[in-house]
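Residues 19 to 201 in my numbering are what the sequence shown spells out, letter by letter.
First comes the structure, then the notes that go with it.
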Amino acid sequence: MAELNTGDGGGKKGGKVRSKKSNAKVDLTAMVDLAFLLITFFMLTTTLSKPQSMNLGLPDKDPDVESADIKVDENRTMTVMLGDNNKMVFYMGLLATPIAGPKEITFGKDGLRKEILERKKSVLAYTGNKDKGMIVIIKPSKKSSYKNVIDILDEMAISDVPTYTIVNDFSAEELKLLEGKQE
19 MAELNTGDGG GKKGGKVRSK KSNAKVDLTA MVDLAFLLIT FFMLTTTLSK PQSMNLGLPD
79 KDPDVESADI KVDENRTMTV MLGDNNKMVF YMGLLATPIA GPKEITFGKD GLRKEILERK
139 KSVLAYTGNK DKGMIVIIKP SKKSSYKNVI DILDEMAISD VPTYTIVNDF SAEELKLLEG
199 KQE
């Protein structure tokens, strides 16, 4: 049992005879039980913060199955290249014959999101079919930051882009464009 002893001060004081006072004993068992009950109650009823994760669908890698490249209409594709220091360059279509761009843009609602929404409208007008939406190719360079990749994936989710992919192969022209050496 848990109890609180108050003690009598110990030792003799002077030569006077005094009546002996009994120690006050407080039984703390009920309070300890209540504390443990409260602790267990709050532990069981509290929800801890859940980890946040982003859905990312990746294709199956089966070395036995030969996969053929799929031809995609360049009027529906937008390529976004990520460089160092938050640099981002996009172009629509093929780099040799771009429909729009190449142009350097910024992250956020006035930069990339605005451009994606405008391009989605033009692709919808071009195809006339909601099922054949815009395709975004994301190309992070080795110098780009992980934060920038996550930011652009967030923009894909916010802008409701139906099809996007992350690719890490750059042509020589794209590397020159990303590094700012375009003539």
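C-beta: ideal position from N, C-alpha, C; glycine also.
Cβ-Cβ separation, residue j to residue i (assumed contact under 8 Å), whole Å
{"i": "T97", "j": "K157", "result": "6 Å"}
{"i": "L196", "j": "S140", "result": "In fact, because the Cβ distance is near 24 Å, the residues do not count as touching under 8 Å."}
{"i": "T183", "j": "G151", "result": "Not really, about 14 Å apart at Cβ, beyond 8 Å."}
{"i": "F108", "j": "E84", "result": "Rounded, the Cβ-Cβ distance is 32 Å, inconsistent with contact."}
Limits of the alpha helix (DSSP H) - the one that residue i falls within
{"i": "L195", "result": "190–197"}
{"i": "E173", "result": "164–176"}
{"i": "E84", "result": "First-last for E84: undefined, no H or E at that position."}
{"i": "K127", "result": "Note, K127: premise wrong, no alpha helix (DSSP H); not H, not E."}
Option nearest residue i by Cα separation, candidates the options
{"i": "M110", "options": "K121, S163, E173", "result": "K121"}
{"i": "S163", "options": "N104, P180, N93", "result": "N104"}
{"i": "V179", "options": "R137, M49, S159", "result": "R137"}
{"i": "I234", "options": "L135, E192, L56", "result": "There is simply no residue 234 to check, as the chain begins at 19 and stops at 201 in what is shown."}
{"i": "I117", "options": "E92, S67, G198, R131", "result": "E92"}
{"i": "Q106", "options": "T124, K161, K89, G119", "result": "According to the sequence shown, residue 106 is Met rather than Gln. Per the Cα distances, T124."}
{"i": "E192", "options": "M61, A86, S140, G119", "result": "G119"}
{"i": "Y144", "options": "R94, D51, S189, R131", "result": "R94"}
{"i": "G126", "options": "M174, F59, S40", "result": "M174"}
Residue range of the unbroken beta strand (DSSP E) whose run includes residue i
{"i": "A118", "result": "116–123"}
{"i": "M96", "result": "95–100"}
{"i": "T64", "result": "No beta strand (DSSP E) contains T64, which DSSP labels as neither H nor E."}
Bridge-paired residues (DSSP) for residue i
{"i": "G111", "result": "P116"}
{"i": "K157", "result": "M99"}
{"i": "T183", "result": "I155"}
{"i": "M49", "result": "In the DSSP output, where bridge partners are listed per residue, M49 has none listed."}
(request) Specify whether the segment 90–104 and the segment 164–184 touch according to this definition: at least 3 beta carbon pairs, one from each stretch, less than 8 Å apart. (result) Under the 8 Å Cβ criterion, the segment 90–104 counts as touching the segment 164–184, having at least three qualifying pairs.
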